[in-house]
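Colleague:
Number of protein chains: 2
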Amino acid sequence: MAGINRVAAKEKFLRFLEQKNLRMTSQRQVIIDTVFSTDQHFTAEQLLDWARKQDQSVSRATVYRTLPLLTESGLVHEMDFGKDYKYYDPNYADSPNHNHLICQDCDRIVEFESDKIDKLQDEISQSLGFSLKAQQLRLTASCDELKRLGACKNKAC
Amino acid sequence: MAGINRVAAKEKFLRFLEQKNLRMTSQRQVIIDTVFSTDQHFTAEQLLDWARKQDQSVSRATVYRTLPLLTESGLVHEMDFGKDYKYYDPNYADSPNHNHLICQDCDRIVEFESDKIDKLQDEISQSLGFSLKAQQLRLTASCDELKRLGACKNKAC
DNA sequence: AGCTTTTTGATACTGAGACGCAAAAATCGT
DNA sequence: ACGATTTTTGCGTCTCAGTATCAAAAAGCT
Ligand SMILES: [Mn+2]
Ligand SMILES: [Mn+2]
Ligand SMILES: [Zn+2]
Ligand SMILES: [Zn+2]
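These protein sequence lines map, in sequence, to chains R and Y. If you use the numbering used here, the first sequence corresponds to residues 30 to 186, in order. If you use the numbering used here, the second sequence corresponds to residues 30 to 186, in order.
1) Does the distance between the C-beta of residue 171 of chain Y and the nearest non-hydrogen atom of ligand 4 fall short of 8 Å?
2) Would you say residue 50 of chain Y touches ligand 2, meaning its beta carbon is less than 8 Å from a heavy atom?
3) Just checking: is the beta-carbon of residue 174 of chain Y within a distance shorter than 9 Å of some beta-carbon in chain R?
4) Identify the contact partners of residue 109 of chain R in chain Y, using a Cβ-Cβ distance below 8 Å as the criterion.
5) Measuring alpha carbon to alpha carbon, tell me which residue in Y:74, Y:157, Y:98, Y:84 is nearest residue 41 of chain Y.
6) Mind checking residue 102 of chain Y: buried by the 16 CB within 10 Å criterion, or exposed?
7) Should residue 114 of chain Y be counted as a contact of ligand 2 given a C-beta to heavy atom distance under 8 Å?
8) Taking 8 Å as the cut-off, is the C-beta of residue 177 of chain R nearer than that to any heavy atom in ligand 3?
9) Along the chain, where does the beta strand (DSSP E) that runs through residue 166 of chain R open and close?
10) Are residue 169 of chain R and residue 164 of chain Y close, meaning C-beta to C-beta below 9 Å?
11) In the DSSP assignment, find the beta strand (DSSP E) that holds residue 118 of chain R and state where it starts and stops.
12) Can you give the Cα-Cα distance for residue 139 of chain R and residue 54 of chain Y, rounded to whole angstroms?
13) Output, in sequence order along the chain, the residues in the stretch 69-91 of chain Y whose CB is closer than 9 Å to any CB in chain R.
14) Give a yes or no on whether the minimum CB-CB distance between residue 158 of chain Y and chain R is below 9 Å.
15) How would you write the range of the alpha helix (DSSP H) that residue 33 of chain Y sits in, first residue to last?
16) Is residue 170 of chain Y close to chain R, meaning its C-beta is less than 9 Å from at least one C-beta of that chain?
17) Under the three-state reduction of DSSP, which class applies to residue 59 of chain R: helix, strand or coil?
18) Answer yes or no: does any C-beta atom of chain R fall closer than 9 Å to that of residue 94 of chain Y?
19) List, in chain order, every chain Y residue whose beta-carbon is nearer than 8 Å to that of residue 132 of chain R.
20) Hey, could you find the ends of the beta strand (DSSP E) residue 139 of chain R is sitting in?
21) Along chain R, which residues have their Cβ under 8 Å away from the Cβ of residue 139 of chain Y?
22) From what residue to what residue does the beta strand (DSSP E) around residue 77 of chain R run?
23) With a threshold of 8 Å, establish whether the CB of residue 153 of chain Y neighbours any heavy atom of ligand 1.
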């Protein structure tokens with residue numbers, strides 16, 4: 030699941046800022062460049078580290094202030110993986126309904142999509158009298174199957 | 030979805046403690062009594078408040094120390110609802126696969142089970158080469174349907 | 001009753017994230 | 001181009017959930 034490309038992301042963010050009467054700054058440039066140079070899920074502190082490699086003047090506060098903007102604009106998605114800090118997902122603009130399987134043995138995160146699950150979730154919400162707005166599905170699993178087949182490409186396996 | 034009854038819960042916890050060479054104490058009694066006098070999802074701080082109404086000597090530290098024991102014994106389940114503190118679910122012993130729909134309008138939490146979803150999750154894990162160990166599905170929805178029908182029994186609606 | 005092990009409450013500490021503020025940067029009106 | 005206005009920034013401080021420490025208390029063992 031490759032993320033949205035950097036140019037398109039910047040474009041979209043620019044439109045978002047404009048529409049909210051906010052300004053594009055060099056710090057925000059660096060941050061968005063950093064975010065869309067990976068398709069990994071990342072934390073605020075990780076993003077700070079990476080961004081500072083490109084421009085040491087970027088401050089923690091600005092990172093923490095920019096992330097909600099990126100979230101609101103739909104470019105990243107706030108995730109919880111059960112840790113006590115938030116993760117951010119840069120692949121959300123491209124596939125807003127994708128879900129995650131996390132391997133409990135090697136910590137690998139596998140993204141997947143399923144129309145069947147999407148449909149089922151909608152049906153369930155309807156049958157309970159609600160209309161579905163958002164959704165988060167997290168599968169915790171073990172890669173024992175892959176290992177048994179010798180098909181596990183992960184270093185930890 | 031009514032939770033496991035208090036007597037059964039105590040019984041199960043007692044066996045768990047025994048098997049781990051831990052002791053049943055008056056504080057742990059109070060805490061488990063408190064937990065299984067509700068079927069609401071609760072936070073550690075809420076539990077502390079409630080428990081202290083029954084016995085003011087119960088300390089924050091003991092509550093925070095007991096919750097992992099209850100979790101490990103399978104009597105409660107650690108949940109995240111997207112807030113920056115943990116929630117605990119006392120209905121987990123009774124229905125270990127239930128999921129949650131959270132209304133974004135009135136904060137109500139609706140529990141539901143779905144064999145279809147369970148099956149689908151297993152199939153997806155298998156097809157990716159994994160075996161499913163645990164699962165967390167959170168639907169965010171709006172009760173507008175219920176409101177339109179005048180069938181919403183919630184005070185906030 | 002003595003001795004050992006576990007548990008407790010009080011207190012200090014940690015780490016993610018929010019907040020307040022004065023300086024700096026961007027934008028606007030002329 | 002320039003001063004006024006608005007927004008943004010970096011720094012420092014603060015908050016708050018959860019953890020670690022430790023001496024005292026409770027439980028269990030013989
Ligand atoms: Mn993802
Ligand atoms: Mn529940
Ligand atoms: Zn694995
Ligand atoms: Zn509602």
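Think of the CB as a built atom: it goes at the ideal place given N, C-alpha and C, for glycine as much as any other residue.
Modeller: Taking the structure as given:
1) yes
2) no
3) yes
4) 109, 111
5) Y:98
6) buried
7) no
8) no
9) 160-171
10) yes
11) 116-118
12) 44 Å
13) none
14) yes
15) Note, residue 33 of chain Y: premise wrong, no alpha helix (DSSP H); not H, not E.
16) yes
17) helix
18) no
19) 159
20) 138-141
21) 157, 159
22) No beta strand (DSSP E) contains residue 77 of chain R, which is instead part of the alpha helix (DSSP H) from 73-83.
23) no
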